[in-house]
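In what follows, a structure is listed as structure tokens, so that the remarks can point back to it.
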Amino acid sequence: MKSYRDFDHYLKDFPNREGYFGEYGGSFLPEELIPAFREATDAYGAICQSAQFINELRRIRKEFQGRPTPVYHCERLSRLFGNCQIYLKREDLNHTGAHKLNHCMGEGLLAKFMGKKKLIAETGAGQHGVALATAAAYFGMECDIYMGEVDIAKQHPNVIRMKMLGANVIPVTHGLKTLKEAVDAAFDAYLKEYDHAIYCIGSALGPHPFPMMVRDFQSVIGIEARDQFCEMTGHLPDAVCACVGGGSNSLGMFTPFLADPVDIYGVEPLGRGTGVGDHAATMQFGTKGRLHGFESYLLQDENGEPLPVYSIASGLDYPGVGPEHAYLRDAGRVNYVTASDDEAMEAFFLLCRNEGIIPAIESSHALAYAIRYAKEKQFGSILVCLSGRGDKDIDYVYENYGCGEKYFQK
Ligand SMILES: Cc1ncc(COP(=O)(O)O)c(C=O)c1O
Numbered sequence: 167m168k169s170y171r172d173f174d175h176y177l178k179d180f181p182n183r184e185g186y187f188g189e190y191g192g193s194f195l196p197e198e199l200i201p202a203f204r205e206a207t208d209a210y211g212a213i214c215q216s217a218q219f220i221n222e223l224r225r226i227r228k229e230f231q232g233r234p235t236p237v238y239h240c241e242r243l244s245r246l247f248g249n250c251q252i253y254l255k256r257e258d259l260n261h262t263g264a265h266k267l268n269h270c271m272g273e274g275l276l277a278k279f280m281g282k283k284k285l286i287a288e289t290g291a292g293q294h295g296v297a298l299a300t301a302a303a304y305f306g307m308e309c310d311i312y313m314g315e316v317d318i319a320k321q322h323p324n325v326i327r328m329k330m331l332g333a334n335v336i337p338v339t340h341g342l343k344t345l346k347e348a349v350d351a352a353f354d355a356y357l358k359e360y361d362h363a364i365y366c367i368g369s370a371l372g373p374h375p376f377p378m379m380v381r382d383f384q385s386v387i388g389i390e391a392r393d394q395f396c397e398m399t400g401h402l403p404d405a406v407c408a409c410v411g412g413g414s415n416s417l418g419m420f421t422p423f424l425a426d427p428v429d430i431y432g433v434e435p436l437g438r439g440t441g442v443g444d445h446a447a448t449m450q451f452g453t454k455g456r457l458h459g460f461e462s463y464l465l466q467d468e469n470g471e472p473l474p475v476y477s478i479a480s481g482l483d484y485p486g487v488g489p490e491h492a493y494l495r496d497a498g499r500v501n502y503v504t505a506s507d508d509e510a511m512e513a514f515f516l517l518c519r520n521e522g523i524i525p526a527i528e529s530s531h532a533l534a535y536a537i538r539y540a541k542e543k544q545f546g547s548i549l550v551c552l553s554g555r556g557d558k559d560i561d562y563v564y565e566n567y568g569c570g571e572k573y574f575q576k
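Residue numbers for the sequence shown, in this note's numbering: 167 to 576.
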């Protein structure tokens, strides 16, 4: 087991040149795609270190995205549970309403420097699709977004937003018709179009260099949050937490704190319970395997086929997890915990009523854990990555939970 003291040079050493975080990661690709991923790796290595790229990305983050997003102290919410103070890093206030734009603008800028004309991606909750459609509009590129039919029905407002932004939303109709199938379809499309397009995977996963690239672009969250928290309180938080789907907002939040004496919690969706097909808690119930061109923990059957997954949050129902998380779990530096649908929804309504913030259902999982932490610890502080806002979820929530009456009748 490693302690925070072992992480001083971590970002320089991980991943290695082949894209491995310990035994996880790598790049397992069909022969035809190897040159495309090598091109992206070389371009990222060269272009992203240039002053021109860094300065342009800084300008975009400030003027277009509205960064830095604030850190906010939830005084009323914290008071409900004792003396432990809950703080939020407000990625819901990032342009387009979630953290996804952090890596989409980086990838869009990289695509521009590489002379690409089209951005391709999959989306689950639609946040990544909206963010990429936004980046495509900003950079004047075409955009194809693959989305499962189930998610299209559940995330209607985001489908409209993508279309308004000029993207083609391509329904995926096979399998469970959710995120995993959308990733399959986006990969297939990229295979045919890689000479003029770039695949902007929606999280810190996929073949090298995407887990590294997405983590690096997202680390603006934790870099800002660390400075802001220290400035507000004069010290580091006792703990940080974030929800883990593929793992991008969480790695963005966690990596700047890895070398600090701070406890770190990644929160996975426990959905309806522990049965197969009732959750997407890869770290709790998964085993090492290979999916979508990388190795990590997976929810898989004895033949290595992905198992069905479920979460109330469309952005969390993926049967795998980014390879860096698998490494951090084995190293013992990040604790992986779960929150059920019901716990997430209770946290959702508590934040609405006590702080005037409607969170994304994905982010509500992180908040649910922070509430559990506050109740148990009764002192100290926990900084939560509020990865997105809940506007996309309100129709679904209203139909299924009304305005949260059941949580306030106790
Ligand atoms: C608001 C929000 N938070 C979190 C996630 C989970 O993704 P990740 O684990 O890559 O941050 C999503 C995915 O769509 C999302 O929309």
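Built from N, CA and C at the ideal position, the CB exists for glycine as well.
When the Cα atoms are used, I524 and S553 turn out to be separated by approximately 12 Å. Closest option to Y356, judged by alpha-carbon separation, among P234, P201 and C569: P201.
Look at E461 here: in three-state DSSP terms it is strand. Relative to the non-hydrogen atoms of ligand 1, the Cβ of C409 comes within a distance shorter than 7 Å of at least one. A Cβ-Cβ contact shorter than 8 Å links D317 with S480. Contact between Q450 and Y484 does not hold, since their C-beta atoms are separated by about 14 Å, which reaches or exceeds 8 Å. DSSP places C309 in the strand class (E or B) of the three-state scheme. Per DSSP, the unbroken beta strand (DSSP E) holding E434 starts and ends at D429 to G437. Relative to the non-hydrogen atoms of ligand 1, the Cβ of G306 never comes closer than 7 Å to any of them. Not a single heavy atom of ligand 1 lies less than 7 Å from the C-beta of L267. If you look at Q251, you'll find it in the beta strand (DSSP E) that goes Q251 to R256. Residue L276 holds the alpha-carbon nearest to the alpha-carbon of I213 among K168, F305 and L276.
L482 has its Cβ nearer than 7 Å to a heavy atom of ligand 1. For A319, the shortest C-beta to heavy atom distance toward ligand 1 is 7 Å or greater.
Counting only residues of its own chain and dropping the five nearest sequence neighbours on each side, G437 has a CB closer than 6 Å to the CB of D444, H445, Y476, S477 and D507. For C309, the closest C-alpha among the options G522, M378, E359 and R256 is that of E359.
Less than 8 Å separates the beta-carbon of P489 from that of F460.
The beta carbon of L267 lies closer than 8 Å to those of Q231, N260, H261, A297, T300 and A301 in the same chain, with the five residues before and after it left out. Put simply, the backbone Cα of R256 is about 11 Å away from that of E390. If you draw a straight line from the Cα of E542 to the Cα of P337, it comes to about 44 Å. Distance from the C-beta of G388 to the nearest heavy atom of ligand 1 is not below 7 Å.
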